[in-house]
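Shown next, in structure tokens, is the structure this report addresses.
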Amino acid sequence: MKFVSVAVAAAAFAVASHAALAAPADYRFEVVGQVRQDDGTDTIRVRLVHIPDGKPVQGAVVFGPKASMGGHGMAMTAPAKALPPMPDGVTPIQVTPSMDGPWTVSLSARVNGEPAVIRGAVDVRLGK
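Numbering (this note's numbering), first residue to last: 3 to 130.
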């Protein structure tokens with residue numbers, strides 16, 4: 003009987019531990035507000051959202067942005083960089099597009115307690 007109790011407790015712990023960790027697919031990046039344009043550089047603001055509860059993820063570290071028109075039929079890329087996050091968890095991303103049009107900005111993020119890097123993308127219209 004003691005063995006059964008230990009087995010049940012171990013199984014419950016394993017299920018609870020697994021439930022506490024979300025999968026990378028449980029997150030998405032969202033654009034916040036309008037694209038800001040300044041002298042050839044566009045700034046988009048993004049946040050990471052936990053899909054199951056719809057809440058923004060506080061403390062996420064967004065890094066490695068890449069801007070491309072590849073998903074829109076063109077093999078064009080543009081320089082992009084993440085700026086320091088704002089107090090509300092929104093991260094500004096600066097992109098210097100070489101032409102106006104639809105762009106995809108691919109992003110990565112680290113979330114405390116998550117073993118995997120979160121990857122995603124947002125589609126935005128950049129340029130004039």
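For glycine and all other residues, C-beta sits at the position ideal for the given N, C-alpha and C.
Note that the structure is a prediction, hence the values are computed from the model and not measured.
message: With H, G and I counted as helix, E and B as strand and the rest as coil, what does DSSP make of GLY115?
response: GLY115: coil per DSSP, three-state reduction.
task: Provide the residue(s) that pair with ILE53 in DSSP beta bridges, ordered along the chain.
output: Per DSSP, ILE53 has no beta-bridge partner at all.
task: Pull up the DSSP beta-bridge partners for GLN96, would you.
output: Looking at the DSSP output, GLN96 shares a beta bridge with THR45 and LYS83.
- prompt: Helix or strand or just coil, what does DSSP make of GLY66?
  reply: strand
task: Output the boundary residues of the beta strand (DSSP E) element that contains VAL124.
output: 120 to 128
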